[in-house]
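If you're matching positions, the sequence shown starts at 11 in our numbering and goes up one per residue.
Input: a single structure, listed below in structure tokens.
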Amino acid sequence: MRLLMREGKCPEAGRENIMRYEWMDTYLLQKRGVTKDLQETWNWIRYHVGGKMFAAICLGADGKPYYINLKLEPAEGEFFRTQYEDIIPGYYSDKLHWNSIKPDGEVPDELLKGMLDKSYRLVLSGFSKKKQREILGLSCCGTECAACGYYGTMCQGCNELQGRVFHAPEGKPCPIYACAVRKKRMVNCAECDILPCSIWQETKDPQLSENAFQKSIENRINNLRSDKKHGI
Numbered sequence: 011m012r013l014l015m016r017e018g019k020c021p022e023a024g025r026e027n028i029m030r031y032e033w034m035d036t037y038l039l040q041k042r043g044v045t046k047d048l049q050e051t052w053n054w055i056r057y058h059v060g061g062k063m064f065a066a067i068c069l070g071a072d073g074k075p076y077y078i079n080l081k082l083e084p085a086e087g088e089f090f091r092t093q094y095e096d097i098i099p100g101y102y103s104d105k106l107h108w109n110s111i112k113p114d115g116e117v118p119d120e121l122l123k124g125m126l127d128k129s130y131r132l133v134l135s136g137f138s139k140k141k142q143r144e145i146l147g148l149s150c151c152g153t154e155c156a157a158c159g160y161y162g163t164m165c166q167g168c169n170e171l172q173g174r175v176f177h178a179p180e181g182k183p184c185p186i187y188a189c190a191v192r193k194k195r196m197v198n199c200a201e202c203d204i205l206p207c208s209i210w211q212e213t214k215d216p217q218l219s220e221n222a223f224q225k226s227i228e229n230r231i232n233n234l235r236s237d238k239k240h241g242i
């Protein structure tokens with residue numbers, strides 16, 4: 011990961027800071043809807059979802075990281091602080107919700123990944139369910155509409171049309187949308203205990219062959235499970 015250098019004040023000046031979590035940048039940027047920037051005044055590399063920050067790498071004047079900031083539920087953050095001396099109340103942040111992790115400390119990689127996942131999920135869940143689907147770029151059934159050949163021509167997309175896609179019953183939403191969004195009030199089908207369900211099997215684009223349809227189901231499930239794995 012390339013760490014850019016800007017002028018800034020490090021609260022632990024003189025300490026040798028080494029970033030042992032070199033995977034962090036790649037790990038965060040593979041999550042759907044994540045963007046990254048450099049806040050030059052603070053000298054922070056920030057990671058956003060839907061335009062809101064959920065993680066940051068705080069850099070000193072030498073361009074080396076001195077803290078990783080992320081958001082947790084207050085009780086969980088307090089618990090982790092009692093377990094690891096390398097986790098402290100959020101530096102330059104709301105100390106109730108934000109936590110700082112020393113980049114050269116002893117927090118296990120898998121634990122930090124889990125904390126970053128939770129931070130991502132916390133910030134994402136602050137948006138409406140409709141907005142979450144837009145940020146993720148997926149319909150409720152896991153279709154990536156922007157990658158579909160019909161998008162922008164025959165169909166404007168499931169989220170934009172509130173489920174009334176071109177292969178749905180005329181004037182009505184797709185049965186999957188009607189179940190997941192309208193009836194169960196879910197962000198997407200990843201929240202359901204049965205995936206795929208009978209509604210999935212019965213809701214088919216008539217232009218697809220049976221093999222193509224089953225492949226579509228497999229791809230959509232992979233999209234949903236991948237997002238669930240990475241913190242949704």
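Where a beta carbon is used, it is the ideal one built from N, C-alpha and C, also for glycine.
- Linking L134 to L218 through their CA atoms gives a straight-line distance of about 34 Å.
- Take C189, set aside five residues on each side of it, and the residues of its chain with a beta-carbon closer than 7 Å to its own are I209, in chain order.
- Spatial neighbours of C151 in its own chain (CB-CB distance under 6 Å, excluding positions within 5 residues in sequence) are listed in chain order as I186, C199, R230.
- Pairwise C-beta distances place the region 109-119 in contact with the region 91-100, as three or more of them are shorter than 8 Å.
- When secondary structure is reduced to three states using DSSP, I145 falls in the helix class.
- If you draw a straight line from the Cα of L82 to the Cα of I204, it is about 29 Å long.
- Taken atom to atom, the span from the alpha-carbon of E50 to that of R56 is near 10 Å.
- C-alpha of L132 to C-alpha of N221: approximately 38 Å in a straight line.
- Here C68 is bridged, per DSSP, to W54, Y77.
- Annotated three-state conformation of N109 is strand, per DSSP.
- Taking all protein chains shown into account, F64 has 16 or more neighbouring C-beta atoms within 10 Å of its C-beta and is therefore buried.
- Apart from the 5 residues on each side of it in sequence, A156 sits with its Cβ closer than 8 Å to the Cβ of G147, G167 in its chain, given in chain order.
- When the beta-carbon positions are compared, R195 and G173 stay at least 9 Å from each other.
- The criterion of a C-beta distance shorter than 9 Å is not satisfied by K74 and V59.
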